[in-house]
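Participant: Before anything else, here's the structure in question.
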Amino acid sequence: MSDKPARGGRRGREARKAQRASTSEAVSPYIRRNIPCTEILDEEGLQLIEANADTILAETGIDFRGHARALELWKEAGADVDGERVRIPKGLAHKLLKTAPREFTQHARNPARSVVIGGNNTVFAPVYGAPFVTDMERGRRYGTIEDFRDFVKLAYLEPNIHHSGGTVCEPVDLPVNKRHLDMVYSHMRWSDKAFMGSVTAPERAADTIEMSEILFGKEFVDQNCVVINLINSNAPLVFDATMLGAAEVYAAANQASIISPFILAGAMSPVTAAGTLAQLLAEALAGMAFTQLVRPGSPVVFGTFVSSISMQSGAPTFGTPEGTMILTAAAQLARRLGVPFRSGGSLTASKVADAQAAYESANTLLPTLQAGVNFSLHAAGWLEGGLSAGFEKFILDADQLGGMAVLAKGIDLTENGQAMDAIREIEPGSHHLGSAHTQANFESAFYRYETADNNSYEQWDADGREDACTRAHKIYKEKLASYEAPAIDPGIDEALQAFMTQRKDAEPDSNI
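Start counting the sequence shown at -11; every next residue gets the next number (the working numbering).
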């Protein structure tokens, strides 16, 4: 019989869960990084990428398709507009971006959950845009509005997820032209964290603004950011009418846009990191500058989603060293521009929450924090290259986000952190388990992963030989079973539902 102290098992996990529940209110609404950002390019390299991006904008240009107002604004600003091709003189986009804020607050309906985007801050948001969902019990299937609500509830309950996100999954059981209403309402009703708006059509963006005005008040929305949205370019070098229309609506309303080139390197950009960086900077500059043409001072975020592709199959790959290099360099470029940066997450091409998913997600998540990403979409739940949102993966990822929060604090150099009293107390050859310092810091000494099993083989065997995915499945079920909706003003809730009913009744159902 071992004389080592017994460790945990089920009771240990229950104790950890109770400890987390008792301290969850003290968790910061977002991460404040106290560690330096990793830098991969020197000054000469940064200047080279910036010069190449300026050359792309001036010589090749960017297509602004199907949006006459954008072309008018660019022409008035001094760009060369030829049909739908806009060539931007060197320096013009940088000049226009000087009105964009370096950081801004996105207000949540619960002020304690508002997030500051930019500076030394990191905000983790859930998976976005997946048409499928999956779990161990029901397998892979098309997402529904019930699945959507469940993800919103989980994000609300997870202290290490700071944002409710946007299209966490596509509710395909609802008409395309009306589902945005139920999605935005779900974020407003079943969570009190900050959320993202609809971008699938300009009028759906306008609906998001109107619903936000009901929730926050019209004057408050005009003067403050309460919603953020994702605007993708169509690489290479195209912005389409849908994205431009949504960006215009949000910028005009003083709401935040993430201008995020979506690039699969080797297919939508050159195969090299430097070539891809120049292209994505050119696209991001053009899109961000457009928001400032619409309303100077409106908040905007430099975003990028870059993945390589398999040169054998053409399929996207994740967690690659090339992706890390591009993410890190793009973050440097954003800091030089003086705007917040979006990228990273917990990305994987794996279809299930297995070893591939863990390695690829870790290889994306750690650089996300270390590069200084300010807003990270897909931080939890991403599977199958973004085609699927996984419930177990959501829980596993959220657990890792807690570790990132601890890493971001850096090394504690306070008197307690130096622990000289403990070193003086303990004689050489003894141990620190019973020291006063250890006892005083026992509960908070190390981050404890809720989904990990650190017990002996014998204890793990006695507990049912569960793997991490099985444990995560149980945790997500328990969380949903314990969920209680945050309170909302009944009058505001009635007004939101009345607006939704009015909008749904105004047009027939459509799948476009």
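Here a beta-carbon is modelled for each residue, glycine too, at the ideal position from N, C-alpha and C. Predicted model only: the values in this text are computed from it and were never measured.
#1: What is the residue span of the beta strand (DSSP E) that G51 lies within?
#2: Do I463 and T439 have their C-beta atoms within less than 8 Å of each other?
#3: Is it buried or exposed for I411, if we count other Cβ within 10 angstroms and need 16 for buried?
#4: Opposite M488 in the DSSP bridges: which residues?
#5: Which of the three DSSP states, helix, strand or coil, is assigned to N499?
#6: Please determine, among A277, D210, M171, the residue with the shortest C-alpha to C-alpha distance to R192.
#7: Grouping DSSP H, G and I as helix and E and B as strand, with all else coil, what is G586?
#8: If the criterion is Cβ atoms closer than 8 Å, does the pair A182 and R75 meet it?
#9: Tell me which residues share the same chain as K206 and place their Cβ nearer than 6 Å to its Cβ, disregarding the 5 neighbours each side in the sequence.
#10: Between T48, A46, H95, which has its C-alpha nearest P17's C-alpha?
#11: I need the straight-line Cα distance from L61 to K86, nearest angstrom please.
#12: Using the Cα positions of I500 and V164, report the straight-line distance between them to the nearest angstrom.
#13: Relative to the alpha-carbon of W569, which residue among V361, G332, L252, G360 has its alpha-carbon at the smallest distance?
#14: Rounded to a whole number of angstroms, what is the C-alpha to C-alpha distance between G79 and D42?
#15: Against chain D, with Cβ distances strictly below 8 Å, would L45 count as a contact?
#16: Can you tell which of I399, L421, A317, A396 has the C-alpha that lies nearest to the C-alpha of E31?
#17: Do you know whose CA, among R459, M299, H55, A65, lies nearest K83's CA?
#18: When DSSP labels each residue in this structure, what does V164 get in the three-state scheme?
#19: Does DSSP put S10 in a helix, in a strand, or in coil?
#20: G285: which of A261, P309, A244, D123 sits nearest, CA to CA?
#21: Beta-carbon separation of A265 and I314 under 8 Å?
#22: Taking 8 Å as the cut-off, does the segment 127 to 141 touch the segment 386 to 401 (at least 3 CB pairs, one atom from each stretch)?
#23: Rounded to the nearest angstrom, what separates S221 and A277 at their Cα positions?
#24: Which of the three DSSP states is assigned to F430 in this structure?
#25: Do S364 and S349 have their C-beta atoms closer together than 8 Å?
#26: Quick one, are the C-beta atoms of A386 and E146 less than 8 Å apart?
#27: Given 8 Å as the limit, is there contact between the segment 39 to 57 and the segment 417 to 427, that is, 3 or more CB pairs closer than that?
Facilitator: If we stick to the structure as given:
#1: The displayed chain sequence assigns Asp, not Gly, to residue 51. Per DSSP, D51 belongs to the beta strand (DSSP E) from 50 to 52.
#2: yes
#3: exposed
#4: Looking at the DSSP assignment, M488 forms no beta bridge with any residue, so it has no partner.
#5: coil
#6: M171
#7: Because the chain in this structure spans residues -11 to 500, residue 586 falls outside the shown range and cannot be described.
#8: no
#9: none
#10: H95
#11: 17 Å
#12: 6 Å
#13: Within the shown structure, residues of the chain are numbered from -11 to 500, placing residue 569 beyond reach of any answer.
#14: 7 Å
#15: Among the chains in the structure shown there is no chain D, since it carries only a single protein chain.
#16: A317
#17: A65
#18: coil
#19: The predicted position of S10 is uncertain, since its pLDDT is 39 and thus under 50; a value taken from the coordinates is nonetheless stated next. DSSP places S10 in helix when its eight states are reduced to three.
#20: A244
#21: First, the residue type needs correcting, since residue 265 is Leu and not Ala in the sequence shown. Contact flag set, yes.
#22: no
#23: 13 Å
#24: coil
#25: no
#26: yes
#27: no
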